[in-house]
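Taking it in order: structure first as structure tokens, then the write-up.
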Amino acid sequence: QFSPDSKEIFYILDGRIQVVPLDARQSSRALAVSAEMDVDFTREKAAVFNQAWTYMRDNFYDPKYHGANWQSVRAEYEPQVAGARTPDEMRRIMQLMVGELNASHLGVSAPPGGAQVVTGRLGLRFDRVEYERTGRLRVTEVLPLSPAALARDAGTSDRPREIKTGDYLLAVDGQEITARTNLEELLNYKIGRRIVLDIAASADGANRREVAVRPVNLATERGLRYRKWVEDKREYVARVSNGRLGYVHMFDMSSASLSQLYLDLDAENHARQGVVIDIRHNNGGFVNAYALDVLSRRSYLSMTPRGFSAAPARTVLGQRVLELPTVLVTDQHSLSDAEDMSEGYRALGLGKIVGEPTSGWIIYTSNIALIDGTIFRLPFIRIVGNDGKDMERNPRPVDVLVKRPVGESYTERDSQLDAAVRELLKPNEPRTAGKE
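Read in order, the letters of the sequence shown correspond to residues 1 to 436 in the numbering used here.
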């Protein structure tokens, strides 16, 4: 509608009020409005339940609902939702409802914007046995590039002050740490802020010194920890293959992970005889086809500038291509689009698959916001493998079955990578997928 002076028009776009002037060439702007609203939870929870049940009735990929009687499911759970007294209780009951489908990619969760993480992280790991025995925090690992690894002298010089494995953390900002101290409580609301740690070479305080750090949030520390894990695996493959093989890991199947794969394959891996492609612990996404393209492309001509050596035309022209033998490593935690990649790798005959069969969790899925903001997962597209069978609840097989022994992850050995290296280094091995 027009403004009272007829100089502006108000309209709604995507649920938000916009304003555009009529007498000037200016773009529209959003009008910030807020209002309070009273919600009748009794009526709202009934509407939320009906909305979720109907979405699943009309969109679940299997019209037979994996054998569940969806009308009977409604009759069972609708009275329970009617008795729910809080939104969280309502969502727990709805979780049980979708669980009747016995399918993957299901979920009912609270709207985004929950409690903010406020606890800072140092990038240190401590000796559990020492703590349980004496209550002391003895450093067993300093995460590279973490706040602890970048510690500075707390004095005026601000020079690097190393925290080493075997050191003891004795105090935070002057507060001594005892067996009853909650370290995380001392680090609350300290993200990005300068704090002083008291570090000593022994529990009795020998060579005690003060170092300054700026704690990071949990997501940053997790990223650094993952980075170290990948570097350790890369060094492991290089060591057990005597430098002949390279290594890459895909964290998930997001566009960011695809970009990282491009970077990893453009680096030292091109100088190797082959590359181990690791998708263990990969919880999926959507980029499997693009990743497989890089592994499956082959050269058909080369280009040689005068005075330089020949190079594959694809690489010279900027197209991503590996053109090396590979082996794929999967495990039971490889799921969703990671399973698509495993299926494609086998169907295209790119090489052997080593490790454990995947999860069998693969339905194309979207998130839907219900009327109260509840996030509802809706699996709506069937995925069928090259064998003509549904991939949901049918794990992708491996060519070489290797299960890591319990506790091996706490050692320096990785038996699945050992087997992958052996397979890739086999002489005269044809580059076709083996039989199950």
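Glycine residues also receive a C-beta, built at the ideal position from the N, C-alpha and C atoms.
Own chain partners of residue i with C-beta closer than 8 Å, once the 5 adjacent residues on each side are dropped
i: Ala-149; result: Gly-123, Val-142, Leu-143, Ile-163
i: Asn-367; result: Ile-375, Phe-376, Arg-377, Leu-378
i: Ala-203; result: Thr-134, Arg-136, Arg-138, Tyr-168
i: Leu-261; result: Val-248, Met-250, Ala-291, Val-294
i: Asn-188; result: Val-118, Thr-119, Gly-120
i: Thr-220; result: Arg-121
Beta-carbon gap between residue i and residue j smaller than 8 Å
i: Ser-359; j: Arg-280; result: no
i: Ala-338; j: Met-253; result: yes
i: Leu-424; j: Val-316; result: no
i: Val-117; j: Met-90; result: no
i: Ile-199; j: Leu-170; result: yes
i: Ile-363; j: His-105; result: yes
i: Arg-459; j: Pro-147; result: The requested residue 459 does not occur in the structure, where the chain is confined to residues 1 to 436.
i: Ala-347; j: Asn-386; result: yes
i: Arg-306; j: Pro-357; result: no
i: Val-98; j: Met-56; result: yes
i: Asn-282; j: Phe-251; result: yes
i: Arg-272; j: Leu-301; result: no
i: Val-354; j: Val-406; result: no
i: Asp-266; j: Val-248; result: no
Close beta carbons around residue i, own chain, < 6 Å, minus the five adjacent residues each side
i: Glu-8; result: Val-19, Pro-21
i: Pro-430; result: Residue confidence is low: Pro-430 scores 49 on pLDDT, short of 50, so the model does not pin down where it sits. No coordinate-derived value is stated.
i: Arg-125; result: Thr-140, Glu-141
i: Leu-31; result: Ile-17, Val-19
i: Ile-383; result: Ile-362, Met-391
i: Pro-111; result: Gly-373
i: Asp-62; result: none
i: Ser-6; result: none
Presumed contact (8 Å Cβ cut-off) between residue i and residue j, rounded CB distance
i: Gln-80; j: Leu-370; result: Going by Cβ atoms, the distance from Gln-80 to Leu-370 rounds to 17 Å, so no, they are not a contact pair.
i: Leu-101; j: Phe-60; result: 7 Å
i: Val-237; j: Val-276; result: 5 Å
i: Ile-191; j: Asn-217; result: 5 Å
i: Gly-135; j: Thr-178; result: 6 Å
i: Glu-184; j: Thr-119; result: 5 Å
i: Asp-173; j: Lys-233; result: Rounded, the Cβ-Cβ distance is 37 Å, inconsistent with contact.
i: Asp-153; j: Val-211; result: 7 Å
Reference residue i; option with closest CA among the options
i: Gly-344; options: Pro-111, Ile-17, Val-398; result: Val-398
i: Pro-325; options: Phe-41, Arg-298, Met-391, Val-39; result: Arg-298
i: Val-421; options: Val-240, Arg-214, Glu-184; result: Val-240
i: Glu-268; options: Val-287, Glu-235, Phe-286; result: Glu-235
i: Glu-132; options: Thr-86, Ala-75, Arg-159, Arg-180; result: Arg-180
i: Arg-225; options: Pro-111, Arg-121, Ala-347; result: Arg-121
i: Ser-3; options: Asp-23, Gly-15, Asp-14, Leu-13; result: Asp-23
i: Ser-415; options: Gln-71, Asp-331, Pro-427; result: Asp-331
i: Arg-193; options: Ala-151, Thr-165, Gly-223, Val-39; result: Ala-151
i: Gly-15; options: Ser-6, Ala-82, Ser-34, Asp-5; result: Ser-34
i: Thr-165; options: Gln-319, Lys-64, Asp-127, Asp-40; result: Asp-127
i: Lys-426; options: Asp-62, Tyr-189, Gly-274, Gly-318; result: Gly-274
i: Lys-45; options: Asp-62, Pro-87, Ser-28, Ser-27; result: Pro-87
i: Trp-53; options: Glu-76, Asp-40, Gly-67, Phe-41; result: Glu-76
i: Leu-197; options: Gly-223, Gly-155, Gln-26; result: Gly-155
i: Lys-228; options: Tyr-410, Leu-145, Ser-72; result: Leu-145
i: Ala-311; options: Asp-38, Ser-255, His-270, Gly-243; result: His-270
i: Ile-381; options: Gly-223, Asp-58, Asp-40; result: Asp-58
i: Thr-365; options: Lys-352, Lys-403, Gly-285; result: Gly-285
Residues near residue i by beta carbon distance below 7 Å, same chain, minus five either side
i: Asp-418; result: Val-240
i: Arg-314; result: Arg-297, Ser-299, Val-321
i: Asn-288; result: Met-253, Asp-337, Asp-340, Met-341, Gly-344
i: Leu-258; result: Val-287, Tyr-290, Ala-291
i: Arg-209; result: Arg-161, Ile-199
i: Gln-175; result: Leu-186
i: Thr-28; result: It is Ser, not Thr, that sits at residue 28 in the sequence shown. Within the same chain, Ser-28 has close Cβ partners Gln-18, Val-19, Val-20.
i: Ala-103; result: His-66, Ile-363, Pro-379, Glu-392
i: Tyr-11; result: Gln-18
i: Lys-435; result: Unreliable placement is indicated for Lys-435, whose pLDDT of 39 sits below 50; the coordinate value is still reported in the next sentence. Same-chain partners within the cutoff: there are none.
i: Val-73; result: Met-97, Glu-100
i: Ile-93; result: Tyr-77, Gln-80, Val-81, Ala-84
i: Glu-36; result: none
Identify every run of the alpha helix (DSSP H) within the segment 74-148, keeping only runs that are complete inside it and at least 4 residues long; order them along the chain.
-> 87-99, 128-134
Hey, which unbroken runs of the beta strand (DSSP E) at 3 residues or more fall wholly within the segment 327-406?
-> 353-355, 364-369, 375-381
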